[in-house]
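Take a look at the structure below.
Chains as they are written, first to last, in the numbering used here: chain F, 20 to 274; chain E, 14 to 328; chain P, 811 to 930.
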């Protein structure tokens, strides 16, 4: 494999990681001034900030790898829907607080071992981002775990709601562990983390939390996919419209 | 308590205040002092949390990732500042839930400034520059307020807020030096936010019979008019630096005093907005109540879980 | 006439004609109050920074981290249920603290240090 091919794969992979963080950061920031209590506004925005911070570094790097002069904003605000490669779980709507916490549990249980593994990536930048992001993900997971347990083992209503939220977002988790050619080649080269190794770690974490929360592991045969190749949920177009509108209304402007 | 003892306590309290000392939660204090503080701190807290809304509206639409992060951090700080303040109010025997109830039912107020709409991105910049600029004028003297917990909360807030005004001015500078459309946006924001910002300092103290008492108690250090004048004197040169026009034809620099004379403030507007008839009062309160009510099941769940855990530990 | 004070951080609010409590409205249940203490760096004591509400100790600690250490202000946190704090009464201040006032030898400035000597 020559260097050009490596760059294309690395670009695709870096962009996926960046898009995941950007889109979930955007989703979480929707909670500003809407959360169940003030303390939670602070916590959710903290997580959003961590994700947006990682997204900026990753998108900047993706722009450099691409070599077409696009910076973080060029990639965040000027790509159309099919060019985004975030996973469906990251873009999925937050629903109520129970669904948001269920989504956060599934995401953080994935991101923690992902970043931990990437600290050993042969790509220096990814390894650097991963070092910081792993610490943050550990906190995000702890936060999500605390809430999922409290909601699951709280009142009848909270149990019902968080179980419902979990059913909503669960099907999108299968896509996280897909091993397409890009991932397979990068695993081979020691750049990407191996989804086959992440899956059992994720399952153990999630199963333990759900058990403590007295929640059922959802059973579904529906394994939606497409995020990595730009086929997104209907709601994603609206997310982009809202996020990109102002930037696109003033072409070339600085902010 | 005997009358003589009461008088002794009163004298000791006033002596502490006059010596620029601090009153702490378990000290004896006049009931009026306590009530004035609860009212002021609670409404200050309400202003912080309602203040999350006009800017929070723009988080999902921020025009760059850098601006988005700055705005998230700022709105997050406001929630934190609300918490510091409710915490200070609770040291006076108030209760956060009750105070929120008083806000939700419109019996306690918050600053009129947050009842104006944010119709463009430049409004976010203008709020940072003007509204937080005015807030700093008010809050710095409060770090020396006679009530210890309030003064300490203000010290934290002021330390954290130093970046709020700067980021606003920076964002405004970029707009003022940007494309013609951005420049127009900036001027339009200044036009709409200037007068409401001046109203933030409240009517003249002559029209506020309680001001003298607040001053004697060391809760208030400067008159509403003094602070407003300071704000105008500090801000007009900044507007000039931006190349923007302050929307007041009567604005003049008095070369002798170095102070600006400015036009008449429309206090009927202020009273109408305070009463509830501003452009966004209903929205702001409705959103706040909705967040509180939508979150009730979450708070109940957390309480139920804590109870279960306590019972399990006891068993 | 309603009084307004500018001495409210984010703009004038009325200082009269506004209730400060609910009076007869029944008190609803809410999460208990916790006092928060932060050790700002190694080698220093924990210092009281404020309070917050949380249903249990785990959430109290988590909220304290988010609310009081957003800018890396701390290396260690304590949360204590407010009801568990036993405080001296200010009325007892003289009895409690004044006896120490006549023991100046507890303070280093009590002692003369010969001029020119350091490290004492």
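All residues carry an ideal CB built from backbone N, CA and C; glycine is no exception.
Residue i - DSSP class collapsed to helix/strand/coil
| i | result |
| --- | --- |
| residue 120 of chain E | coil |
| residue 28 of chain F | helix |
| residue 847 of chain P | strand |
| residue 46 of chain E | helix |
| residue 165 of chain F | helix |
| residue 41 of chain F | helix |
| residue 103 of chain F | coil |
| residue 888 of chain P | strand |
| residue 159 of chain F | helix |
| residue 242 of chain F | coil |
| residue 855 of chain P | coil |
| residue 814 of chain P | strand |
| residue 267 of chain E | strand |
| residue 862 of chain P | strand |
| residue 237 of chain F | coil |
| residue 130 of chain E | coil |
| residue 823 of chain P | strand |
| residue 895 of chain P | coil |
| residue 149 of chain E | helix |
| residue 272 of chain E | strand |
| residue 232 of chain E | coil |
| residue 140 of chain E | helix |
| residue 36 of chain E | strand |
Within 9 Å, strictly: CB atoms of residue i and residue j
| i | j | result |
| --- | --- | --- |
| residue 22 of chain E | residue 64 of chain E | no |
| residue 131 of chain F | residue 146 of chain F | no |
| residue 161 of chain E | residue 31 of chain E | no |
| residue 183 of chain E | residue 881 of chain P | no |
| residue 186 of chain E | residue 168 of chain E | no |
| residue 237 of chain F | residue 189 of chain F | yes |
| residue 66 of chain F | residue 158 of chain F | yes |
| residue 163 of chain F | residue 149 of chain F | no |
| residue 273 of chain E | residue 238 of chain E | no |
| residue 177 of chain E | residue 122 of chain E | no |
| residue 308 of chain E | residue 196 of chain F | no |
| residue 108 of chain E | residue 840 of chain P | yes |
| residue 198 of chain F | residue 104 of chain F | no |
| residue 224 of chain E | residue 36 of chain E | no |
| residue 125 of chain E | residue 213 of chain E | yes |
| residue 68 of chain E | residue 177 of chain F | no |
| residue 58 of chain F | residue 859 of chain P | no |
| residue 89 of chain E | residue 68 of chain F | yes |
| residue 399 of chain E | residue 143 of chain E | Residue 399 of chain E is absent from the structure shown; chain E starts at 14 and stops at 328. |
| residue 107 of chain F | residue 167 of chain F | no |
Supposed close pair residue i, residue j - CB separation, criterion 8 Å
| i | j | result |
| --- | --- | --- |
| residue 138 of chain E | residue 181 of chain E | 5 Å |
| residue 184 of chain F | residue 114 of chain F | 6 Å |
| residue 264 of chain E | residue 241 of chain E | So it is not a contact: roughly 13 Å between Cβ atoms. |
| residue 861 of chain P | residue 15 of chain E | About 34 Å separates the two Cβ atoms, so there is no contact after all. |
| residue 71 of chain E | residue 132 of chain E | With 8 Å as the limit, residue 71 of chain E and residue 132 of chain E do not qualify as a contact, their Cβ atoms being about 10 Å apart. |
| residue 48 of chain E | residue 830 of chain P | 5 Å |
| residue 98 of chain E | residue 57 of chain E | 5 Å |
| residue 208 of chain E | residue 278 of chain E | 7 Å |
| residue 865 of chain P | residue 318 of chain E | 7 Å |
Local Cβ density within 10 Å of residue i, reported as buried at 16 or more and exposed below that
| i | result |
| --- | --- |
| residue 45 of chain F | buried |
| residue 325 of chain E | exposed |
| residue 242 of chain F | exposed |
| residue 110 of chain F | buried |
| residue 17 of chain E | exposed |
| residue 60 of chain F | buried |
| residue 28 of chain F | buried |
| residue 141 of chain F | exposed |
| residue 855 of chain P | exposed |
| residue 215 of chain E | buried |
| residue 261 of chain F | exposed |
| residue 899 of chain P | exposed |
| residue 256 of chain F | exposed |
| residue 152 of chain E | buried |
| residue 118 of chain F | buried |
| residue 251 of chain F | buried |
As an exercise, report each continuous alpha helix (DSSP H) stretch of at least 4 residues that is fully enclosed by the segment 187-217 of chain E, in chain order. 193-212
Which runs of the alpha helix (DSSP H) fall wholly inside the segment 48-105 of chain F and span at least 4 residues, in chain order? 57-85, 91-96
Going along the chain, which unbroken runs of the alpha helix (DSSP H) with 4 or more residues stay wholly within the segment 168-231 of chain F? Runs of the alpha helix (DSSP H) spanning 4 or more residues and lying entirely within the segment 168-231 of chain F occur at 175-188, 200-207, 214-231, in chain order.
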